[in-house]
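This report refers to the structure that appears directly beneath it.
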Amino acid sequence: MWSILSVLVENKPGILFKVTHLFRSRNFNIDSISVGITDNPNYSKMTITTYGDEKQVEQIVKQLDKMIDTVEVKHLDEHKTVFRELCIFKLKIANANDSMEVNKLANAYGGKVHDVKKDSIMVELTSTPDQIKAFEELAKPFGIIDIARTGVTALQRSGA
Amino acid sequence: MEKNSIHIMETMTGAKALMTAMEKEGVKEVFGLPGGANLPMYDEFSRCDIRHILTRHEQSAAHMADGFGRVSRKPGVCFATSGPGATNILTGIATAQADSSPMIAVTGQVPVAMIGKDAFQESDIIGMANPVVKYAFQPRTPGEVPEMVKKGFYIAETGRPGPVLIDVPKDVQQNESPMEFLEEFKIQGYHPWYDPDMIACEKAIEMLLNSEKPIILAGGGTIISSAFAELQSIAETLMIPVVTTFKGKGAFPENHPLSLGPIGMHGHAEANKMMAEADCVLAIGTRFSDRSVGTFEAFEKRLKIIHMDVDPAEIGKNQTTNLAVVGDVRTSLRVMVKLLLQKAIKKTEDSIWLKHVKETKEYWRENLKIHPGEMGAAKILRKLREVLPKESVITTEVGQHQMWASLFYDVIQPGTFFSSTGLGTMGWGFPASIGAKVARPDVPVVDIAGDGSFSMTENSLATAVLEDIPVIVFVLNNSTLGMVAQWQRTFYDRRMVGVDQGGCPDYVKLAESYGAQGIRAQSMDELDKAIKTAISSDVATVIDIPIDPEEDVLPFVAPGTSLSDMILPS
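From first to last, the protein sequence lines are chains A and B. Each step along the first sequence adds one to the number in our numbering, with nothing skipped, and position 74 is 59. To get our numbering, take the position in the second sequence, counting from 1, and add 1340.
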């Protein structure tokens, strides 16, 4: 089961270390992690995606909750959550036609094209991990030179 | 009015602030060892009322603080310098964490500007200790010190207790700052107490009443929260037999008719048998560790589990439960006692189950084969029990003697038996007994030891002698790493590797060389006299008791098997 956890933590040095260490020492997996400060400078929010059965995820949530530096831990329901990830692809292109094809593909996925060179092109894509994966599959035939992803960030919908 | 609203802030160094804050927490003793990076704090001992107890190794200082903490249920404090001093206390901190023992470890650190430069005696103790502490602080300015000490004690002793590390850079100790010692503080992400779950408590009673073969499994949490009277009241009111985990040993008087003793790898035969037959268990303050429960799979289909714990993360961690009662176990048990009173529930007659339990207990008490020699482990430990007053405090080392103590030393007064049960730290018992004796100078304190384990921290004899802390070390000496030897005999076809201690050292001479009393006991008469001499002595005593190196601890539940499959003495 793929799960999204939203973890509000005190904005102090060493917290990211403690959270990731918890995952390691308890034998849990981190699929992705993103961290940013909130509107209140005393807090940061971590969005962690992880795999595990229901019991494992429940245990992760409880262990995170037990940490003294965590203020709030939420296991988000992905159907009631807006979640996105930013991904930048650098793709090979052989000719102008390739460039056009990549442009079309990027448009279809709501992406933006950057840094068009003679033999490479960059695509910035903000989407769900599934959509990013789908784009990646379609981009593969061009040749992927490099890829960078931020990890998922997420916010629960109002009233959810 | 205006005058009162102004905080009077006294200017002092970080070191002085740390000591002042600790005095405010009621600290009277600190166990430790000085070094370059904690000297400013050590200098404060020369002008404050806190007694410094010098140890010969920082690990022992941590175990002493741990022993003090378990007995007094207030955090014990240990001091170490930076670098190797700090890494030396790690084992002690991890031991305290594994057994939920309240502790404050204060380490010196290189000055703030030197951190990260691989300076002399620098170690990233905050990073290293993170997985084995309840919390860790590192003040970067002297003004932060009082609040960190205050919060540290609060975190260490509330909820599920544990060790807290305070790592103080040397310049933070030396520099001055106006200090504010606040009484009020808030830790937003820390909620150690939960209101008792009334509905769950009511449900628990219902489940116990509706079961045919109920049993109570008391874990270490029962002892930590001192829920002795409540536990006894529930057991007696509902006439339910009580087993314990090893950590919970002595949560319930072991001479009580309803007591079956500890379950587990080396649990009492009757306790393991009855645990395996029960259909409903009230598990109090236990994490269902592998050593306690073996594998529950064999009988968990018909066993209904009620799990009571102060730590919500323990619910479902190792064992799926039918009912969770989250909260301080003493408070929850009190709610149950009250409900039973209100409902006027009181069982008076033995059920078929209880008759069966009593018969089983009687059978095993009479028929468990013990070593035939005069100086067999069972006889030695029963002799110790016979001579020691019931309020005596026991600590143990780790190994065969520890499990023999579990099997053959009955704890009569609850909360007087302590052992490194979770981490299984060899060398824990002796320094822990010193800490325990500092907390309870009025009662005999005995470390039930083996020669292998005692060897690890035997230099604490210097502390016991020089600081006048007359503990008794009761060494069951088979000159072998006995538990390892037993596993090699059982699982490795008697290929004995790395277990022979070669009769070295001579513990009587060792004790004497430290100025302690050393007595060798080779018969029951000598043992009887030795224990009596040790109890009345005002100097630490080592009683060396040579035993048969071939004696095994039995019963034995092999790792990964069920409690019902015991290897029994043949």
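Heads up, the beta-carbon is just placed ideally off N, CA and C, and yes, glycines get one too.
Look up residue i in the DSSP assignment and give the residues it is bridged to.
i	result
residue 1449 (chain B)	B:1509
residue 1889 (chain B)	The partner list for residue 1889 (chain B) (beta bridge, DSSP) is empty, contrary to what the question assumes.
residue 133 (chain A)	A:73
residue 1519 (chain B)	B:1350
residue 138 (chain A)	A:69
residue 1857 (chain B)	B:1881
residue 1375 (chain B)	Looking at the DSSP assignment, residue 1375 (chain B) forms no beta bridge with any residue, so it has no partner.
residue 1789 (chain B)	B:1815
residue 1916 (chain B)	The shown model of chain B, from 1341 to 1910, leaves out residue 1916 (chain B), and the question about it has no answer.
residue 28 (chain A)	A:-5
residue 1369 (chain B)	B:1391
residue 1820 (chain B)	B:1840
residue 97 (chain A)	A:109
residue -13 (chain A)	A:36
residue 1620 (chain B)	B:1554, B:1644
Using a 10 Å radius around the Cβ and a threshold of 16 neighbouring Cβ atoms, would you call residue i buried or exposed?
i	result
residue 1535 (chain B)	exposed
residue 29 (chain A)	buried
residue 1410 (chain B)	buried
residue 1326 (chain B)	Absent from the model: residue 1326 (chain B). The displayed extent of chain B is 1341 to 1910, so no value can be given.
residue 14 (chain A)	exposed
residue 1713 (chain B)	exposed
residue 1341 (chain B)	In this prediction, residue 1341 (chain B) scores a pLDDT of 37, lower than 50, which makes its location untrustworthy; no coordinate-derived value is stated.
residue 1354 (chain B)	buried
residue 1343 (chain B)	Because the pLDDT at residue 1343 (chain B) is just 42, under 50, the model does not fix this residue reliably, and the point stays unresolved.
residue 1438 (chain B)	buried
residue 1531 (chain B)	exposed
residue 1500 (chain B)	buried
residue 1890 (chain B)	exposed
residue 143 (chain A)	exposed
residue 1345 (chain B)	Since pLDDT at residue 1345 (chain B) reaches only 43, below the 50 mark, its modelled position is unreliable, and no value is offered.
residue 1781 (chain B)	exposed
residue 1844 (chain B)	exposed
residue 1704 (chain B)	buried
For residue i, does the three-state DSSP call read helix, strand or coil?
i	result
residue 1579 (chain B)	coil
residue 1466 (chain B)	helix
residue 110 (chain A)	strand
residue 1388 (chain B)	coil
residue 1345 (chain B)	Confidence at residue 1345 (chain B) is low in this model, with a pLDDT of 43, below 50, so the placement of that residue is unreliable and no value is reported for it.
residue 1418 (chain B)	strand
residue 103 (chain A)	coil
residue 35 (chain A)	strand
residue 60 (chain A)	strand
residue 1442 (chain B)	coil
residue 5 (chain A)	helix
residue 1433 (chain B)	helix
residue 1768 (chain B)	coil
residue 1648 (chain B)	strand
residue 21 (chain A)	strand
residue 1598 (chain B)	coil
residue 1809 (chain B)	coil
residue 1735 (chain B)	strand
residue 1849 (chain B)	helix
residue 1426 (chain B)	helix
residue 1664 (chain B)	strand
residue 14 (chain A)	coil
State the CB to CB distance for the pair residue i and residue j, rounded to an integer number of angstroms; the pair is presumed to be in contact (CB under 8 Å).
i	j	result
residue 1976 (chain B)	residue 1476 (chain B)	Look at the range of chain B in this structure, 1341 to 1910, and you will see that residue 1976 (chain B) is not part of it.
residue 1652 (chain B)	residue 47 (chain A)	6 Å
residue 1669 (chain B)	residue 1690 (chain B)	With 8 Å as the limit, residue 1669 (chain B) and residue 1690 (chain B) do not qualify as a contact, their Cβ atoms being about 27 Å apart.
residue 1384 (chain B)	residue 1356 (chain B)	6 Å
Is the shortest distance between the beta-carbon of residue i and the beta-carbons of chain C less than 7 Å?
i	result
residue 1652 (chain B)	Looking for chain C here will not work: the only protein chains present are A and B.
Run the proximity test for residue i: is its beta-carbon closer than 6 Å to any non-hydrogen atom belonging to the ligand COA?
i	result
residue 54 (chain A)	For the ligand COA, the structure offers nothing, since it holds no ligand at all.
Check whether the region 1694 to 1705 of chain B and the region 1724 to 1731 of chain B touch, using three or more Cβ-Cβ pairs below 8 Å as the test.
Here the region 1694 to 1705 of chain B makes no contact with the region 1724 to 1731 of chain B; the two share fewer than three CB pairs at distances below 8 Å.
Assess contact between the region 1596 to 1611 of chain B and the region 1620 to 1627 of chain B, defined as three or more Cβ pairs (one per stretch) separated by less than 8 Å. Is contact present?
Too few Cβ pairs lie closer than 8 Å, so no.
I'd like to know if the region 1755 to 1771 of chain B and the region 1789 to 1803 of chain B are in contact, where contact means that at least 3 CB-CB pairs between them fall below 8 Å.
With the cut-off at 8 Å, the region 1755 to 1771 of chain B and the region 1789 to 1803 of chain B touch.
Are the region 1486 to 1496 of chain B and the region 1434 to 1450 of chain B in contact at 8 Å, needing three or more beta carbon pairs?
Yes, the region 1486 to 1496 of chain B touches the region 1434 to 1450 of chain B.
Quick check: the region 55 to 70 of chain A against the region -11 to 0 of chain A, are at least 3 beta-carbon pairs closer than 8 Å?
Using a C-beta cut-off of 8 Å, the region -11 to 0 of chain A makes contact with the region 55 to 70 of chain A, since at least three inter-stretch Cβ pairs fall below that distance.
Would you call the region 1504 to 1523 of chain B and the region 1482 to 1490 of chain B touching, i.e. three or more CB-CB distances under 8 Å?
Remark: three or more beta-carbon pairs, one from each stretch, lie closer than 8 Å, so the region 1504 to 1523 of chain B and the region 1482 to 1490 of chain B are flagged as touching.
Under 8 Å, with one C-beta from each stretch per pair, do the region 114 to 123 of chain A and the region 82 to 96 of chain A reach the 3-pair mark?
These segments touch.
Is the region 70 to 86 of chain A close to the region 102 to 109 of chain A, with three or more CB pairs under 8 Å?
Below 8 Å, enough C-beta pairs join the region 70 to 86 of chain A and the region 102 to 109 of chain A to call them touching: three or more.
Cβ pair count under 8 Å reaching 3, the region 1622 to 1636 of chain B against the region 1571 to 1588 of chain B:
The answer is yes - the region 1571 to 1588 of chain B touches the region 1622 to 1636 of chain B, with three or more Cβ pairs under 8 Å.
Does the count of Cβ pairs from the region 1514 to 1528 of chain B and the region 1550 to 1565 of chain B closer than 8 Å reach three?
No: fewer than three Cβ pairs fall under 8 Å.
Counting Cβ pairs, one atom from each stretch, are 3 or more of them under 8 Å apart for the region 1817 to 1831 of chain B and the region 1890 to 1901 of chain B?
Taking a cut-off of 8 Å on C-beta distances, the region 1817 to 1831 of chain B touches the region 1890 to 1901 of chain B, as three or more cross pairs fall below it.
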